[in-house]
Every structure is written in structure tokens, then in C-alpha cells.
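Peer 1: Dumping the structure here so I can ask a few things about it.
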Amino acid sequence: MPQPEKQSGNATLFIAGKSWLHRLHPFNKLLYILLTGVIIYAGPKGWPVEVFLITLNGIMALTGGVFTAAWRLLWRSLLPLTLFMITIHGFLHADNRIILFSFGRLHFYQEGFVFAINVLLQLNAVLTASLLFVFCTHPADLISAISQAGWPPSLAYLLSSPLLLLPLMHTRIRTIQAAQRSRGLDSEGNFFKRFLALFPLVTPLVLGALVEMEQRSIALEIRGFNAPGPTTSWRTIADSTGQQAARWTMFFLIILLIIGRIFR
Amino acid sequence: MQIRLENIIFRYSAGVPVLNDISLDIKKGERVALIGHNGSGKTTLAKHLNGLLRPAAGTIRIDGRKTDTESVARLSGIVALLFQNPDDMIAKRRVWDEVAFGPKNLAYPEGRIKILVAESLALFELLPLQDCNPYDLGYSERKRVALASIIAMDTPILVLDEPTAGMDPREIVLLTGALEKLREDYKTVIIISHDMDFIAELVPRVICLAGGKKRFDGLVRQAFQDQSLLAVCGLLQPQIVRLSTYFRQTEPALTPVEFLENWQRRAK
Amino acid sequence: MARPEILKSKFSSVTLALIAFAIVLNMATGQLVSLLKLPIFLDSIGTILVGILAGPIAGGLTGLLTNLLWGLISSPVAAAFAPVAMVIGVIAGLCARYGLFKTCWLAIISGLIITVFNAIVAVPIRLYMFGGITGSGADFITAYTLALGKDLFGSVVITVFTSNLLDKVATALLAWSIVKALPERTANRLSRVKSATT
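Residue numbers (the working numbering), protein chains in the order written: chain X, 202 to 465; chain W, 475 to 742; chain H, 2 to 199.
Put into C-alpha cells, the structure is as follows:
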């Protein structure tokens, strides 16, 4: 499983702005990612579709004012992938037959190269669609949209409170590391010793927080989290009939594509 | 062991210095308090003593030896550091194991570990609780476990960050007893605290920090008489000093006993 | 639009707070152990803990939401692996339900079972979305097995299995030791603990 980059603090990728992409209802942007994914993996195959979607996403990013940021993030996350993908498949793909060029006895093949480019294009299309969402949607807006749509408030809580807790957790982690190192914890010994050192680092983090959490859950009870009846919120997310229509259209397109894929 | 800090400067990345040109000397066996309001650099300074933080400039010597190339793991056998919140360090299922954690890391022989743990537990009246799960105990009991586990490391230098926070008066008496024992063993103890009453009674020398600079280094009596210094450092006079000043005692008292002595002297 | 059935079942506030905390734990624990330089990510420690403490549904939800949130705040690629994280939580919950977190050795077996199910879900995603390559260090294993003449599917299975084995076993062991060390007070509130580990 790939490791997402560990960012310290509460750094979300959101970029403040007032463009149409920012004002668009979060569900529309989410459904667009889903639609892109379904087109790519269940819809018509072939590079023209992928290139079209990537270009479309690029234009949208431009009009939303997040093109440079998206470009940079794409480079950062796709460059290592691209290098590994092209070299590994170009040299080692099982279907390799036609040699494109050779370094001595090492041969670089066409089949592997085409396969790698195809995978990269597909990934690019989905990734750019999700970047449109991530860069132009404040997490708080998504959470408000979820509660306004009548989803259970517990879901909004589960999505929002981790974002608030994360910076606190990072601070505590630094303190625990410092505390255990001060007590002579061996973090540079052999593999087995370092493995054993996991326990005194992780245990205080979890136990300390669990004890504290008991109190938090009491606080939640008082705030009436499980109370029946509709909840109200401060932030309101603008919606329109047009946007609703777009949502349903995308929804039906997704269903159609999936049905089409099953009966193909 | 003697501690000597020379012109220590420390900053987080490119910000304003958190420690700005701090120099000080602490003799072997001395008991010193480090005071100042939140963010004055006390804890940051403490973390320099065992290598958790490294100064941007300046040198730290312990017993004449520079410590800037020594690892935290090695320095942990010389300087023990108590962190404010016991829950940041408690990791074992038994109180006894928790207190033995430090000495075991320092690879002391089995027999010595047993003696050190038993002594430290006794200092804080934890012997009857030695088989308990620390997290089944109350907060102040966990604080005592944390203190015992630091003292059990038997290091020549101890730095205690807010040792009295969350403790009741009876437990503070236990802590006072432990400090006496450390003095008898000729250990250097540095106490970081907001508890001015505790400091006035127990610590002869204070070092005040404000904005990362050393503002005062001297006798506790002098510090608590200097109103402008206390204002700069955001500190309040201990209750007994205020009471004694209120009654215009010529030499302000630092302990209830001193106050009564002054009182009787005047009555004569 | 239809709401997933899972979200309709009401969790108690204790469980909700536990899940929220576990999500943060998944996101942050990697940083805690980075100083040990072990080939371990521990990004499912919270998921497995919730699985043991609050059952398979809560565990699955923890994993799913962790990766979706991760996708939201740092790297959209993580969201693609949300189903994998979800399965880890569900399997951990089921292992606990059938008594596989009672002792240290059983916890290791649970870690192995989780590794197998992790591979069952992760391999297709890795294969079809990423062409078997994800731009991480594990790709060297894929390259090596490909060079030995294995096909892509076999190579990816081997890669996913080997790069997760130590992590999942270590995570299961850690989760077991933490649940064992829970104070009685907390353990009583999370009533499942007793049936899962004793």
C-alpha cells in the first residue's frame, strides 16, 4: 500500500478563493470525481478519452485559479510513480516483445512502455478530478453540506473532529518522544530492540488519550449528539436547481455506465 | 556534577530566539529553581541539558565536558528529566515495571534496579500500589509514579518540570521528603515551577527567565522582594511573602516558620 | 441519494469519540515511530483498535473515513485505498469477536489474517488502478520479482504481502498490548473488551 505523505500540523490542501469552482456545491465536485473514475475504469477505453478528461480538468483548474498548485502537486506525486512505472514496465513487463532501444544486454520494450503510459494517463485523469475538489473545497464546507443534506450529524462529527485533533496529536507525539528518549529509550539498537521500543512510544499516546476521551464522550452526550430532531448549523452552503439537476445527471450517467459495463 | 552554560542561543527555524544568550553555573548538589511565565523558555532550556534540543550557539558543559556531541540516550544516564504530564510517559501495565523502565534502559545490574525501584516507590508511598495498573490510579498518583520513575534512574542531575502540579498537600510533603533525600545524596536538582509558595520554602536560589533572557540569578529572598523583576517575569509574590510585607516585617519571611519567628521577635 | 446502511445504525457517543480519536491515531502514529526507522507505517493501529473495542462495523468505518479524510487533506491517492483500510477494520473486528485477540500468539495470527485480507483487496486496486506500481519503496520488490520472471499479478501479490506482513503483525500486537493495558474503568465502559481479550 502506498504511504500518503505525512504532513505535519493541520495542513489541508485547500486554497482560498472565490471562483465558480469554490462556490460549486461540494457534492457536485465529489460526484464529478466518481463520474471520472467510472468513465475511466468502466466506460469507453482509449487514450483520447483520457486526454480529453485531463485537458478538461486542466481548463477547469485554470478558471478556478488553482492550476499552478495542481500542477505542482501532480509533479510531486506522479514523478516518482512515472519513473518507476516506465522503467519497470519498459524493461520487465511480461508481455514485452518489441524492443525500442537497448543498453547493452538491457532491452526497453514497446508493450511495457505503452502499458505504463496508459496507466499513467488513467491515473492522471482521476487525480486531476480529485484535485479540483480538494483544492477548491474547504473541509468545513463539505461537513456543512453533509449535515444540511440530512445525513446523521455523527458523520459530520467523525469527519470534522479528527481535523481539529490532529495538530494536538502531533504536539503530544513530540512530547512523548522526548519523554521516553529522556528515560534512555534505545532508538538506535538492533532491529529487535527498536521493535520493542514501539511499545513504550505507542502505549502512552493511546492510553493517555483514551482516558481523556472518556471525558470527551461525556461532553458529547451533553451537547445532545444523539438527540432526535433536525440539527441546524451556522455555515450554509449555496445550492441551486441547476446544480441539483447536474447532480442527478451525473448520478444517472454513473449508473448507466456501470450497467453498460456489466452487460457488455 | 557541575553544569555550565555559556551564551546559549536557541531558535525554532528562523524565528525570534526562544533562548537569548543564557549563561549560568550550577554547582554539584545545588538545588535551583527556574521560574518565569509560560513561554519564557524554561522548558526549552531544560531540554538543552539532556540533548533533546541543541543550541544554535553557545556551549553546555557538564563536569567540564562539552555535551553537544553526546546522544540523548547517553545523556539520559546523567540528566533525568521529569515531564509535566505523567501520561506522556507511562507505558507499562504495572507501577513497578514503570519505575524500573528508566534504570533498565540504562542497563543497571538487576540487583541495583531492585533496590532503586524499591527506594523510589517508598519515597512516594507507592509500595502498596506496586502491582497496580498506573492508569487505574488517579492523576496525582500517576504523577507520583512519574516522579519515582525519574528518581529511580539515579542520575547525578535531575530536572523536574512542574513537580507539584496536580498534587495535594500530603503528596507535596512526600515530594519535599524526596528532595531532602536527593540533597543527602548530593544530587543537583533543577525545579521548573509556577508554584511560588513551594519555591519560597524549598529552593534557596532562583533563576528568572523572561522572553528568553536571564533576568535574575540569585537568592530567592531577593527575587521575591524585587517588585519590578516580578512584574517583568509575570510572577506573583508567594502568599507568605505578601503576608509578611503587609505586616511590614523588615526581612520578608519565606516560610510560615520564619514569619512566626519575625512576629515573635517584634513582639518582644 | 441512498445513504449507506452502516451510518443509520446509531453508535453510542463513546464509540463515536473512539472512532474520531482512532482516525487521528491512524494519521499520526507513523510520525511517532519514525525515530525508530522500522519498515512499519502503523497507519491502521486505530482501525484495528476500534475493531477490537467496538466491533467490525465501527472498525471498518474507522478505516474508510481515515483514508477518505487523508485523501481530502494531503494526498488524493490515499482515498483510492479506502476499501483496503475498511476491510482491515472489519477483519480485525471479526478476529476479536472469534477470540483471536486473547493472547500474544493469537494476536500474531490475527495480524497474519489481516495481512491476507489486506492483500485480497489491495492487489486488484494496485493492479488495475496503478499498473502494479505505486511510486514507493515497495516497487523494488515488484521489480525484483518481475525480473525473476513472475507475471505482474504474482509480483504484486508478493509485494503487497511482504511489505505489509511486518506492519500488520506489529500493529495487531501493539493493539493487543494496549487493550490489555486499558484501565478497568475505561474497559468497563467499552464492555466488549472483556469478551474480546479474556
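All C-beta atoms, glycine included, are put in the ideal place defined by N, C-alpha and C.
Please list the partners that residue 144(H) has in chain X, where partner means a Cβ-to-Cβ separation under 9 Å.
Peer 2: 285, 288, 289, 292 and 293
Peer 1: Tell me where the beta strand (DSSP E) around residue 303(X) begins and ends.
Peer 2: 300-304
Peer 1: Looking at the structure shown, is residue 625(W) part of a helix, part of a strand, or coil, going by DSSP?
Peer 2: In the structure shown, residue 625(W) sits in a helix (DSSP, three-state: H, G or I).
Peer 1: Which word fits residue 564(W), buried or exposed, when buried means at least 16 other C-beta atoms lie within 10 angstroms of its C-beta?
Peer 2: buried
Peer 1: To which residues of the same chain is residue 236(X) closer than 7 Å at the C-beta, ignoring the five residues directly before and after it?
Peer 2: 451, 454 and 455
Peer 1: Indicate whether the contact test is met: 3 or more Cβ pairs, each with one atom in the stretch 501-510 of chain W and one in the stretch 331-347 of chain X, closer than 8 Å.
Peer 2: no
Peer 1: Ignore the nearest five residues each way along the sequence and tell me which others in residue 187(H)'s own chain have a CB closer than 6 Å to its CB.
Peer 2: none
Peer 1: Against chain H, does residue 340(X) count as a neighbour if the rule is that its beta carbon must be under 8 Å from one of theirs?
Peer 2: Cβ-Cβ to chain H under 8 Å: yes for residue 340(X).
Peer 1: If you run the structure through DSSP and keep just helix, strand and coil, what is residue 382(X)?
Peer 2: helix
Peer 1: Below 7 Å on C-beta distance, what does residue 660(W) contact in chain X?
Peer 2: Those within 7 Å of residue 660(W) in chain X number zero; the least Cβ separation is about 22 Å.
Peer 1: Could you give the distance in angstroms between the alpha-carbon of residue 308(X) and the alpha-carbon of residue 295(X)?
Peer 2: Taken atom to atom, the span from the alpha-carbon of residue 308(X) to that of residue 295(X) is near 13 Å.
Peer 1: With a CB to CB cut of under 8 Å and the five nearest residues on each side skipped, what residues in its chain are close to residue 681(W)?
Peer 2: Excluding residues up to 5 positions away in sequence, 498, 506, 507, 508, 509, 688, 690 and 691 lie with their Cβ nearer than 8 Å to the Cβ of residue 681(W) in the same chain.
Peer 1: Evaluate contact between the stretch 437-444 of chain X and the stretch 223-243 of chain X, counting only Cβ atoms and requiring at least three cross-stretch pairs below 8 Å.
Peer 2: Taking 8 Å as the limit for Cβ pairs, the verdict is that the stretch 223-243 of chain X does touch the stretch 437-444 of chain X.
Peer 1: Name, please, each residue of chain H whose Cβ falls closer than 7 Å to the Cβ of residue 607(W).
Peer 2: 182 and 184
Peer 1: If contact is defined by three or more beta carbon pairs under 8 Å, each pair taking one atom from either stretch, is the stretch 710-718 of chain W in contact with the stretch 661-681 of chain W?
Peer 2: yes
Peer 1: Kindly list, in the order they appear in chain X, the residues whose Cβ is closer than 7 Å to that of residue 29(H).
Peer 2: 367, 370, 371 and 374
Peer 1: Just tell me which of 50(H), 84(H) and 75(H) has its CA closest to the CA of residue 98(H).
Peer 2: 50(H)
Peer 1: Compare the Cα-Cα distances from residue 87(H) to each of 58(H), 166(H) and 151(H) and report the closest residue.
Peer 2: 58(H)
Peer 1: Using the DSSP secondary-structure output, state which residues sit across from residue 690(W) in a beta bridge.
Peer 2: 682(W)
Peer 1: Tell me, please, which residues DSSP counts as bridged to residue 646(W).
Peer 2: Its beta-bridge partners do not exist; DSSP assigns none.
Peer 1: Taking a contact to mean a Cβ-Cβ separation below 8 Å, would you say residue 20(H) touches residue 70(H) in this structure?
Peer 2: no
Peer 1: Short of 7 Å in beta carbon distance, which residues of its chain neighbour residue 394(X), apart from the five on each side in sequence? Order them along the chain.
Peer 2: 387
Peer 1: For residue 377(X), return the contacting residues in chain H, with the cut-off set at a CB-CB distance below 9 Å.
Peer 2: At a beta-carbon threshold of 9 Å, the residues of chain H lying near residue 377(X) are 33, ordered along the chain.
Peer 1: Could you check the C-alpha separation between residue 461(X) and residue 250(X) for me, to the nearest Å?
Peer 2: 17 Å
Peer 1: Measure from the C-beta of residue 395(X) to each C-beta in chain W and report whether the shortest distance is under 8 Å.
Peer 2: no
Peer 1: Would you call residue 369(X) buried or exposed, if buried means 16 or more other Cβ atoms sit within 10 Å of its Cβ?
Peer 2: exposed
Peer 1: Within 8 Å (strictly less), CB to CB, does residue 129(H) reach chain X?
Peer 2: yes
Peer 1: Give me the residue from 129(H), 94(H) and 66(H) with the minimum Cα distance to residue 25(H).
Peer 2: 66(H)
Peer 1: Quick check: the stretch 646-663 of chain W against the stretch 574-583 of chain W, are there 3 or more CB pairs under 8 Å?
Peer 2: no
Peer 1: Using 8 Å as the Cβ pair cut-off and three pairs as the minimum, do the stretch 112-126 of chain H and the stretch 75-87 of chain H touch?
Peer 2: yes
Peer 1: On a CA-only basis, which of 78(H), 37(H), 36(H) and 176(H) is nearest residue 60(H)? Give me that one, please.
Peer 2: If we check each option's Cα against that of residue 60(H), 176(H) comes out closest.
Peer 1: Would you list, in chain order, the members of the stretch 583-614 of chain W that have their beta-carbon closer than 8 Å to a beta-carbon of chain H?
Peer 2: 607, 609 and 610
Peer 1: Expressed to the nearest angstrom, what Euclidean distance is found between the alpha-carbon atoms of residue 94(H) and residue 55(H)?
Peer 2: 8 Å
Peer 1: List, from N- to C-terminal side, the alpha helix (DSSP H) runs of 4 residues or more that fit wholly inside the stretch 267-329 of chain X.
Peer 2: 268-293
Peer 1: Check residue 165(H) in the structure and name its three-state DSSP category.
Peer 2: helix
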